[in-house]
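The block underneath contains the structure these notes are about, expressed in structure tokens.
Numbering (this note's numbering), first residue to last: 13 to 174.
Below is the structure:
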């Protein structure tokens, strides 16, 4: 899945690059007797596309260009680094409000090390919520692979066009 910026106000639209459309059930039917096989939709984005999606979303939200680099840290953790700039505590609060961040998300966001309260990166919780907002999608779990972010059990939210 890649993202594409459209001409109608710069909306981001996921683009399907192909992949597995069907799955063959296991050869052992007794497995399916205990619990039915659940097939879920997943999405895959390159780290470049993750950074671009968040960059575009932050530009709309904060009104300024912020180059974003997305990178994997561990299999279940990834982050966004702001290249060449930092965001203020006030801008961070705008990000929190835009995703209705709970206390856990606020707690796990990287804290500032300087007296001016500026941030050069954000952690996985907030990054994940921002990406969901940017793509108008939701998912239940992500895996941070070397080249891609994999999002499992994806749902596309209805867009309000009017």
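All residues carry an ideal CB built from backbone N, CA and C; glycine is no exception. All figures in this text were calculated on a predicted structure; none of them were measured in a lab.
From the DSSP output, in three-state form, read off residue i for me.
| i | result |
| --- | --- |
| residue 176 | Not covered by the structure: residue 176. The range shown for the chain is 13 to 174. |
| residue 154 | strand |
| residue 159 | coil |
| residue 56 | strand |
| residue 100 | strand |
Going by DSSP, which residues form a beta bridge with residue i?
| i | result |
| --- | --- |
| residue 134 | 92 |
| residue 80 | 94 |
| residue 105 | Per DSSP, none; premise fails for residue 105. |
| residue 86 | 89 |
Let's test the definition: count the other Cβ atoms within 10 Å of the Cβ of residue i and tell me whether it reaches 16, buried, or not, exposed.
| i | result |
| --- | --- |
| residue 112 | exposed |
| residue 79 | exposed |
| residue 33 | Low confidence applies to residue 33: its pLDDT is 49, below 50, so where it sits in the model is not reliable, and the reading given next is rough at best. Exposed, because fewer than 16 other Cβ atoms sit within 10 Å of the Cβ of residue 33. |
| residue 61 | buried |
| residue 164 | exposed |
| residue 159 | exposed |
Could you compute how far the alpha carbon of residue i sits from the alpha carbon of residue j?
| i | j | result |
| --- | --- | --- |
| residue 135 | residue 48 | 36 Å |
| residue 107 | residue 139 | 10 Å |
| residue 130 | residue 98 | 6 Å |
| residue 69 | residue 51 | 30 Å |
| residue 77 | residue 53 | 32 Å |
| residue 56 | residue 149 | 13 Å |
| residue 74 | residue 87 | 30 Å |
| residue 168 | residue 91 | 22 Å |
So, for residue i: in the same chain, excluding its five sequence neighbours on each side, which residues have a beta-carbon less than 7 Å away from its beta-carbon?
| i | result |
| --- | --- |
| residue 67 | 78, 79 and 80 |
| residue 152 | 164 and 165 |
| residue 142 | 66, 69, 107 and 111 |
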